[in-house]
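**Q** Below are the structure tokens for one structure; questions will follow.
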Amino acid sequence: MTTVDLEKRTAEYFVVVDDEGAFTSGADYFRRDRIAQRRVLHVERQADHPEEQEAQWDDLERARQEASESIKILTYPAVSHGRAAYFAIWEHGITMAAHRMAEEVNRHCGAPRGCIPDWIAIRITDGSSDGVRYIDAEDARAAQRHPDQCVVFPLIERRPMSVSECESFLRVMAHVQHGCCAYPGEPLSCGLGW
180 MTTVDLEKRT
190 AEYFVVVDDE
200 GAFTSGADYF
210 RRDRIAQRRV
220 LHVERQADHP
230 EEQEAQWDDL
240 ERARQEASES
250 IKILTYPAVS
260 HGRAAYFAIW
270 EHGITMAAHR
280 MAEEVNRHCG
290 APRGCIPDWI
300 AIRITDGSSD
310 GVRYIDAEDA
320 RAAQRHPDQC
330 VVFPLIERRP
340 MSVSECESFL
350 RVMAHVQHGC
360 CAYPGEPLSC
370 GLGW
């Protein structure tokens with residue numbers, strides 16, 4: 180009698196990605212709101228035996244060196260090939276969005292201001308804003324096309340934000356938007372990743 184194990188267990192996966200040439204046209208490269216996409220080229224489950232893992236890595240590394248400088252080999256714990264690929268794409272998207280958010284916040288912080296705190300709206304998916312500073316949170320939220328996909332916050336301290344601060348902020352807000360945590364201090368495990 181044959182038994183099939185239907186339980187998904189976490190394993191390590193090698194994910195080969197290409198971050199260059201992800202723009203679909205020359206015009207996309209110059210669009211301000213365009214974020215480069217990461218292309219997943221190959222996903223492979225890591226072998227269980229250390230010697231096989233080393234041989235696997237050597238094969239992938241050799242192929243990477245022959246292919247292009249923009250190709251990377253990453254590792255992710257996941258329950259499937261598709262999930263590992265998703266994590267690679269999601270992580271890159273959050274990183275690119277954090278860079279854009281840092282630029283947006285820093286641009287707003289450098290602009291002249293009135294005596295009341297300004298509010299800005301940032302899109303969680305790509306870190307961009309509409310470029311407008313608002314008097315209060317309600318105005319900022321009301322002006323958004325999809326307010327459920329944005330987060331509004333005040334520029335009270337008027338200090339620039341680092342990319343790592345923006346990345347942490349966007350990761351938490353993505354989990355809040357996903358519904359896997361009730362408030363930013365309570366992360367729960369979910370399908371989004373870290």
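In the numbering used here, the protein residues as written are 180 to 373. No residue lacks a Cβ here, since even glycine has one placed at the ideal position from N, Cα and C.
In chain order, which beta strand (DSSP E) runs of at least 3 residues are fully inside the region 236–291?
**A** Within the region 236–291, the complete beta strand (DSSP E) runs of at least 3 residues are 250–257.
**Q** Taking its Cβ as the centre, do 16 or more other Cβ atoms sit within 10 Å of M314, making it buried, or is it exposed?
**A** It is Ile, not Met, that sits at residue 314 in the sequence shown. Under this definition I314 is an exposed residue.
**Q** Taking C-alpha atoms, which residue in Q225, V355 and A300 lies nearest to G310?
**A** Looking at the Cα atoms, A300 is the closest of the given residues.
**Q** Which same chain residues end up closer than 8 Å to A190 when comparing Cβ atoms and leaving out the 5 residues on each side of it in sequence?
**A** Hits under 8 Å: R224, Q225, P256, A257 and V258.
**Q** Just verifying my parser: in three-state terms, what is the DSSP assignment at L334?
**A** It is coil, neither helix nor strand.
**Q** Under a Cβ-count criterion, where at least 16 other Cβ atoms within 10 Å of its own Cβ denotes burial, should H228 be classed as buried or exposed?
**A** Looking at its Cβ environment, which holds fewer than 16 other Cβ atoms inside 10 Å, H228 is exposed.
**Q** Cα-Cα, which of E283, A281, V222 and A242 is closest to T254?
**A** T254 has its Cα closest to that of V222, out of E283, A281, V222 and A242.
**Q** Which residue comes first and which comes last in the alpha helix (DSSP H) that contains R188?
**A** Counting along the chain, R188 falls outside any alpha helix (DSSP H), and DSSP gives it neither H nor E.
**Q** Between which two residues does the beta strand (DSSP E) holding R312 run?
**A** Segment: none, R312 is in no beta strand (DSSP E) and carries neither H nor E.
**Q** Mark D238 as exposed unless 16 or more other C-beta atoms lie within 10 angstroms of its C-beta, in which case mark it buried.
**A** That one is exposed.
**Q** Using the Cβ count rule (16 or more neighbours within 10 Å means buried), how would you classify G272?
**A** Answer is buried; the Cβ neighbour count reaches 16.
**Q** Cα separation between R286 and R241?
**A** The alpha-carbon atoms of R286 and R241 are separated by roughly 43 Å.
**Q** Any idea which residues DSSP pairs A300 with across the strands?
**A** Paired residues: V331.
**Q** Secondary structure at H354, three-state DSSP: helix, strand or coil?
**A** Three-state result, H354: helix.
**Q** Per DSSP, which residues does H228 bridge with? Please list them.
**A** Per DSSP, none; premise fails for H228.
**Q** Give the secondary structure of S346 by DSSP, where H, G and I count as helix, E and B as strand, and everything else as coil.
**A** Note that residue 346 is Glu in the sequence shown here, rather than Ser. Correct three-state label for E346: helix.
**Q** Alpha carbon to alpha carbon, what distance is there between M275 and W269?
**A** Rounded to the nearest angstrom, the two C-alpha atoms are 10 Å apart.
**Q** Decide if R350 is buried, meaning its Cβ has at least 16 other Cβ atoms within 10 Å, or exposed.
**A** Buried, since its Cβ has 16 or more Cβ neighbours within 10 Å.
**Q** Using CA coordinates, which residue listed in S307, V195 and Q235 is at the minimum distance from R279?
**A** When each option's Cα is compared against that of R279, the closest is S307.
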